[in-house]
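Enquirer:
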Amino acid sequence: MLIAREFVAYLARQLVKKLSVSMIETVEPQVVSELIASVITEELAIEDRLNDEVRDILSEYSEYMRREGVSYQEMFRRIKNTLISQRKVIRAAGRDTGDHMKLSRDKVIDISHKVVSALRKAHQVRLKKPFNEVRLELVREMTEVLQAEEKVDRAARDKIRSQKREIPEGSEEWDLLLRRYYSEELKKLGIDLAR
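Numbers 0 to 194, taken from numbering that gives the first Met the number 0, label the letters of the sequence shown in order.
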């Protein structure tokens, strides 16, 4: 998934906390944050399932691609782009669209519509402002948290790259260091994913 589940849960808790000030009213903030986290997780899982489907398609043509000298990455990108346009899926990765955070602005806006619709239907929450006002505030708050997360991720990756010896990205050592440095950088900002 593009964003760690722990961070999605943190993001949802932050959204409930910030929206509770003037946009929503709830006596069960934990339930509401779980609802928001489930909407975000489901939206991010759409592209994960699409990636799995593309991998399955490419596995059927691996021999052909090897024989013809076709690049796996290029074919993956082409097939994924075709499926995205056919199914009208909003691309989640912000880096693919030039946004400066992990999630694209379009995906954040799409998620905001789905979250506010889910909040409107939930019995545990009442919207204190009109739908679009709540949605715009949700976009602003979500963007703020995601931009902070992007800085943390970038700092953690830079720490790994600054090691004396080269650590290949994607290796087990890279992943372990990324998790450790990512956690350290979050703590520097006062962010504890466990809370």
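All C-beta atoms, glycine included, are put in the ideal place defined by N, C-alpha and C.
Please read all numbers here as calculations on a predicted model, not as lab measurements.
From what residue to what residue does the beta strand (DSSP E) around Arg125 run?
Expert: Looking at the DSSP string, the run of the beta strand (DSSP E) that includes Arg125 is Val124 to Leu126.
Enquirer: From Tyr63 to Ser70, what distance separates their C-alpha atoms?
Expert: If you take the alpha carbons of Tyr63 and Ser70, they lie about 11 Å apart.
Enquirer: Terminal residues of the continuous beta strand (DSSP E) containing Ile23?
Expert: It spans Ile23 to Thr25 - the beta strand (DSSP E) in which Ile23 sits, taken as one unbroken run.
Enquirer: If you draw a straight line from the alpha carbon of Val114 to that of Ala154, how long is it in whole angstroms?
Expert: The alpha-carbon atoms of Val114 and Ala154 are separated by roughly 30 Å.
Enquirer: Please name the residue, chosen from Gly68, Arg54, Lys101 and Ile45, that lies closest to Val88 on a Cα-to-Cα basis.
Expert: Closest option to Val88, Cα to Cα, is Ile45.
Enquirer: Relative to the alpha-carbon of Asp55, which residue among Glu67, Val124, Ile78 and Glu42 has its alpha-carbon at the smallest distance?
Expert: The shortest Cα separation from Asp55 among Glu67, Val124, Ile78 and Glu42 belongs to Ile78.
Enquirer: My output table needs one value for Ala91: the three-state DSSP class, helix, strand or coil.
Expert: Residue state, collapsed to three classes: coil.
Enquirer: According to the neighbour-count rule (16 or more other Cβ atoms, all chains shown, within 10 Å of its Cβ), is Lys120 buried or exposed?
Expert: Its Cβ having fewer than 16 others within 10 Å, Lys120 is exposed.
Enquirer: Spell out a yes or no on whether the region 157 to 174 and the region 115 to 134 are touching, meaning 3 or more CB-CB pairs, one atom from each, closer than 8 Å.
Expert: Not touching, per the Cβ criterion.
Enquirer: Need the endpoints of the alpha helix (DSSP H) that Arg195 sits in, please.
Expert: The structure shown does not extend to residue 195, since the chain is modelled only from 0 to 194, so the question has no answer here.
Enquirer: Please report the straight-line C-alpha distance between Lys186 and Arg4, rounded to a whole angstrom.
Expert: Rounded to the nearest angstrom, the two C-alpha atoms are 17 Å apart.
Enquirer: Quick check on Leu1: does DSSP put it in helix, strand or coil?
Expert: Note: Leu1 maps to coil in three-state DSSP.
Enquirer: Measuring straight from C-alpha to C-alpha, what distance separates Lys236 and Leu137?
Expert: In the structure as shown, the chain starts at 0 and stops at 194, and residue 236 therefore has no counterpart that could be examined.
Enquirer: Just verifying my parser: in three-state terms, what is the DSSP assignment at Leu188?
Expert: Note: Leu188 maps to coil in three-state DSSP.
Enquirer: Count the C-beta pairs between the region 6 to 21 and the region 134 to 150 that are closer than 8 Å, then say yes if the count reaches three, no if not.
Expert: Contact between the region 6 to 21 and the region 134 to 150 is present, because at least three Cβ pairs lie under 8 Å.
Enquirer: To which residues does DSSP link Leu102 through a beta bridge?
Expert: Ala92.
Enquirer: Looking only at C-alpha atoms, which of Tyr181, Met74 and Ile83 sits nearest to Ser61?
Expert: If we check each option's Cα against that of Ser61, Met74 comes out closest.
Enquirer: What separation, rounded to the nearest whole angstrom, lies between the Cα atoms of Gln85 and Glu27?
Expert: Going by the C-alpha atoms only, they are around 40 Å apart.
Enquirer: What residues in its chain sit with their C-beta under 6 Å from that of Val31, if we drop five residues either side in the sequence?
Expert: Same-chain partners within the cutoff: Val15, Thr25, Gln123 and Val124.
Enquirer: Alpha carbon to alpha carbon, what distance is there between Glu143 and Asp47?
Expert: Answer to the nearest angstrom: the Cα atoms are 24 Å apart.
Enquirer: Output yes or no for whether 8 Å exceeds the beta carbon distance between Leu177 and Arg156.
Expert: For Leu177 and Arg156, yes; Cβs fall inside 8 Å.
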